[in-house]
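Visitor: For the sequence shown, full-length UniProt numbering assigns the number 1 to the initial residue and increments by one for each residue that follows.
This structure is in structure tokens; I'll ask about it shortly.
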Amino acid sequence: MLTFYNENSTIMSNGQSGGEKKADGQHQDVMIKKTLQLGEFNRRKSNENLIFFAGTDKARVITEILEERGWSRTRDHSITNFTMKWCLANQVDWTQFQEGKQLINNIPGQLAFSDKINLWYTIKDYLHNRRNSDGNHIQTFLPMTFVLDDESEVVEFLRSYKKHNRTWICKPRYSYAGRGIFVISVNSDLNAIFKFQIGNGNRIQYQPRLPGYLMQEYISRPLLIKGRKFDIRVHWLVAWTKPLLVFYNHNASAVRLSLNLYREFDFDRATHLTNLSVQENHYRYAFSQEATGMTMSQLK
1 MLTFYNENST IMSNGQSGGE KKADGQHQDV MIKKTLQLGE FNRRKSNENL
51 IFFAGTDKAR VITEILEERG WSRTRDHSIT NFTMKWCLAN QVDWTQFQEG
101 KQLINNIPGQ LAFSDKINLW YTIKDYLHNR RNSDGNHIQT FLPMTFVLDD
151 ESEVVEFLRS YKKHNRTWIC KPRYSYAGRG IFVISVNSDL NAIFKFQIGN
201 GNRIQYQPRL PGYLMQEYIS RPLLIKGRKF DIRVHWLVAW TKPLLVFYNH
251 NASAVRLSLN LYREFDFDRA THLTNLSVQE NHYRYAFSQE ATGMTMSQLK
């Protein structure tokens, strides 16, 4: 059962009935106990020498906040006696992590979903294991997707690309903030994506110029707000995993809108991507900045 709290600490959970009510009450007791433990953790830490490591290009804000509160920053990424570590996934040694005493901005095994190619394979494997019971196929809720490092998938993509007049979106597996993402159509120049060469037996070989990319069929009729593409940025705090306890802040959540009105065959990145880093570098951003965001109250 998933339980989560909003910023006013109101308990919300999926419904249960009958004989499950007793178990639900016991579960809530555990939640209260865990919340008290979290408060005790904070009080205990307030009397200790608080050390944190911040080693990413997004660490400026967290560094300012912690240093204002008397925390000491270290630049030694191999440190083990830290209170908080704000770092990249490859800078975490989970064998040294002290649960309940330390905080890390990463999740064990997160590359299964934070890496776009791994996420694709994870979903495929999940559906394959369930297919014999409900018959689901991955294309029932996800667009066609091809990994460009796999030669057989490249061949399948090119076959579909030539056969159908579709729009495609190409994404790097690790990147963030919209970096490296672009949209193509049947009229695009594929030489920017593939290197074509003649191999043995006059067989055409396709070598991706963009290793670590995947190609995905574009959703041509997306849900829009005021004619623009959007996403919802929600901040969650997973306080405990056993049992699962999640906090979220509704008022701090926001809706991000694309700068341009949506047109499928307009390949301006500010039409298809909602990332602030994409929007703010567009020449129209200074005049249309207010159109790229909404509060959750405005969304209602």
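Each residue gets a CB set at the ideal place from its N, CA and C atoms; glycine is no exception.
Based on Cα-Cα distance, which residue from 147, 242, 241, 57 lies nearest to residue 193?
Guide: Of the listed residues, the one whose Cα sits closest to residue 193 is 147.
Visitor: How would you label residue 177, buried or exposed, when you count the other beta carbons within 10 angstroms and need 16 or more for buried?
Guide: Exposed, since its Cβ has fewer than 16 Cβ neighbours within 10 Å.
Visitor: Does the stretch 234-244 come close enough to the stretch 271-281 to have 3 or more Cβ pairs within less than 8 Å?
Guide: With the cut-off at 8 Å, the stretch 234-244 and the stretch 271-281 do not touch.
Visitor: If residue 52 sits next to residue 77, beta carbons under 8 Å apart, how far is it from one beta carbon to the other, in whole angstroms?
Guide: Not confirmed; about 12 Å, so no contact.
Visitor: How many angstroms separate the CA atom of residue 186 from the CA atom of residue 127?
Guide: Near 30 Å, if we compare the C-alpha coordinates of residue 127 and residue 186.
Visitor: Residues in the same chain with beta-carbon distance under 7 Å from residue 219, minus the five sequence neighbours each way, listed in chain order, please.
Guide: Excluding positions up to five away in sequence, the list reads 143.
Visitor: Can you check which of these residues, 112, 118, 117, 90, is closest to residue 105 by C-alpha distance?
Guide: Closest by alpha carbon: 90.
Visitor: Determine the direct distance from the alpha carbon of residue 252 to that of residue 10, and round the result to whole angstroms.
Guide: Reliability of the predicted coordinates at residue 10 is poor, the pLDDT of 41 falling under 50, and no value is obtained from them.
Visitor: I'd like to confirm the pairing. Which residues does DSSP put opposite residue 62 in its beta bridges?
Guide: Residue 62 is not bridged to any residue.
Visitor: Count Cβ pairs between the stretch 259-270 and the stretch 222-229 that sit closer than 8 Å; are there 3 or more?
Guide: Flag = yes, the stretch 259-270 and the stretch 222-229 touch.
Visitor: DSSP three-state label for residue 241, please.
Guide: Residue 241 falls in the strand class under three-state DSSP.
Visitor: Starting from residue 258, follow the beta strand (DSSP E) in both directions and report where the run begins and ends.
Guide: That residue, residue 258, is in no beta strand (DSSP E); it is neither H nor E in DSSP.
Visitor: Within the continuous alpha helix (DSSP H) that includes residue 159, where are the two ends?
Guide: Run containing residue 159: 151-163, per the alpha helix (DSSP H) assignment.
Visitor: Do you know how far the Cα of residue 168 is from the Cα of residue 207?
Guide: Going from the Cα of residue 207 to the Cα of residue 168 covers about 19 Å.
Visitor: Roughly how many whole angstroms lie between the Cα atoms of residue 82 and residue 290?
Guide: For residue 82 and residue 290, the distance between alpha carbons rounds to 41 Å.
Visitor: Please name the residue or residues paired with residue 195 in a DSSP beta bridge.
Guide: Answer by DSSP bridge pairing, in chain order: 207.
Visitor: If you run the structure through DSSP and keep just helix, strand and coil, what is residue 68?
Guide: If DSSP states are grouped into helix, strand and coil, residue 68 belongs with the helices.
Visitor: Between residue 12 and residue 62, what straight-line distance do the alpha-carbon atoms span, to the nearest angstrom?
Guide: Model confidence at residue 12 stands at a pLDDT of 44, short of 50, so the residue's coordinates are unreliable; what they give is reported in the following sentence. Whole-angstrom Cα-Cα distance: 29 Å.
Visitor: Short of 7 Å in beta carbon distance, which residues of its chain neighbour residue 149, apart from the five on each side in sequence? Order them along the chain.
Guide: 208, 211, 212, listed in sequence order.
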